[in-house]
Amino acid sequence: MRIGEVAAKAGVSVRALRYYEQQDLLYSTRNPGGQRQYPAGAVERVRLIQQLYSVGLPSRTIREVLPFADSGEASQELLELLAAELDRLDRQMADLRDVRNRLHHCITEARNHDGTGSPS
0 MRIGEVAAKA
10 GVSVRALRYY
20 EQQDLLYSTR
30 NPGGQRQYPA
40 GAVERVRLIQ
50 QLYSVGLPSR
60 TIREVLPFAD
70 SGEASQELLE
80 LLAAELDRLD
90 RQMADLRDVR
100 NRLHHCITEA
110 RNHDGTGSPS
């Protein structure tokens, strides 16, 4: 699959794919014309990379996680890293719930008052 096809199917830019290759997160071969060729699983791998980035994992951590995602085998060091990331995500989710609840409270209070600030 060519770079434009992978980018379109995964919903990312061609530039992102090149960056993932620079970070050793994604691999391609070259055809005789010098164009990148990606394996069939490239779209799913890019989606996984995107998900891992979206939760705040840096490239170096993603690089360690991807072999585990491929094989299901993990070293004790990787398991500890993943457990620490899971704890961080749990704290982040709790913080997001707190902010969401505060915003919901503000909206509810504002709707319970008219434009003068007194109850309607």
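Sequence positions in the sequence shown follow numbering that gives the first Met the number 0 and run 0 to 119. Heads up, the beta-carbon is just placed ideally off N, CA and C, and yes, glycines get one too. Bear in mind the structure is a predicted one, so any value in this text is a computation, not a measurement.
Where does residue i land, buried or exposed, given buried means 16+ other C-beta within 10 angstroms?
{"i": "Y26", "result": "exposed"}
{"i": "V5", "result": "buried"}
{"i": "L95", "result": "exposed"}
{"i": "I48", "result": "buried"}
Locate the alpha helix (DSSP H) running through residue i, then write down its first and last residues.
{"i": "L102", "result": "75-110"}
{"i": "R1", "result": "Unbroken run through R1: none, as it is neither H nor E."}
{"i": "P66", "result": "58-70"}
{"i": "S53", "result": "41-53"}
{"i": "V13", "result": "13-21"}
Looking only at DSSP bridge pairs, what is residue i linked to?
{"i": "Q36", "result": "R1, T28"}
Report the residue from the options whose alpha carbon sits nearest the alpha carbon of residue i.
{"i": "V45", "options": "Y19, P31, L77, R101", "result": "Y19"}
{"i": "R59", "options": "L77, G71, R110", "result": "L77"}
{"i": "A41", "options": "E72, A9, N111, G55", "result": "A9"}
Please tell me whether, using a cut-off of 7 Å, the distance from the CB of residue i to the nearest non-hydrogen atom of the ligand COA is below it.
{"i": "E63", "result": "This structure does not include the ligand COA; it has no bound ligands of any sort."}
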